[in-house]
Structures are given as C-alpha cells and as structure tokens.
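Using numbering that gives the first Met the number 0, read the sequence shown as starting at 0 and increasing by one per residue.
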Amino acid sequence: MVIVHKTNIFLKVVYCGDVNCDDSEFLANELFNLGHAPLLVYKGGFEDWKSHQGCVEKGEEEDECW
Numbered sequence: 000m001v002i003v004h005k006t007n008i009f010l011k012v013v014y015c016g017d018v019n020c021d022d023s024e025f026l027a028n029e030l031f032n033l034g035h036a037p038l039l040v041y042k043g044g045f046e047d048w049k050s051h052q053g054c055v056e057k058g059e060e061e062d063e064c065w
C-alpha cells in the first residue's frame, strides 16, 4: 500500500502484482470497511507501473526512477 500526503489528506493506493490479481480490490474493500478513505486501486498492478517507467523505491538501494 502506498500512502500519498497532499495538503493533510492521506490518499491510500493499493495494487497487486499484475492485472490478473484481484487481491488489491479485496484489500481496498477491507480497508474501506475499517474506515480508511479515500482509497484508490491501481488496476494494472506493479508490473504495469514498472512498464510505464513508474518510480520504484528499493529501500537503501538506488531507486529506479525515470
């Protein structure tokens, strides 16, 4: 899960490994039922994100950013 902070509003983005995985929608529903909002589901998943040159943080290693 990714948490984006902008003007004191926390937006949660959940995603799966790829487009064929539906775990992110399940997680988003569970989080919503627990009162977490706003939520977004990135449908394409992590593989789609990387294929579109999305920035990937790897902890202490160098980030893969465009």
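Note that CB positions come from ideal geometry on N, CA and C, so glycine has one too.
Contact fails between the stretch 27 to 38 and the stretch 47 to 59, because fewer than three Cβ pairs, one in each stretch, are under 8 Å apart. Ranking G53, F9, S50, Y41 by CA distance to the CA of D21 puts Y41 first.
In the three-state reduction of the DSSP assignment, K42 falls in the coil class, being assigned neither a helical nor a strand state. In this structure, V18 keeps its C-beta atom at 8 Å or more from the C-beta atom of G53. By the beta-carbon neighbour count (other beta carbons within 10 angstroms, threshold 16), S50 is exposed.
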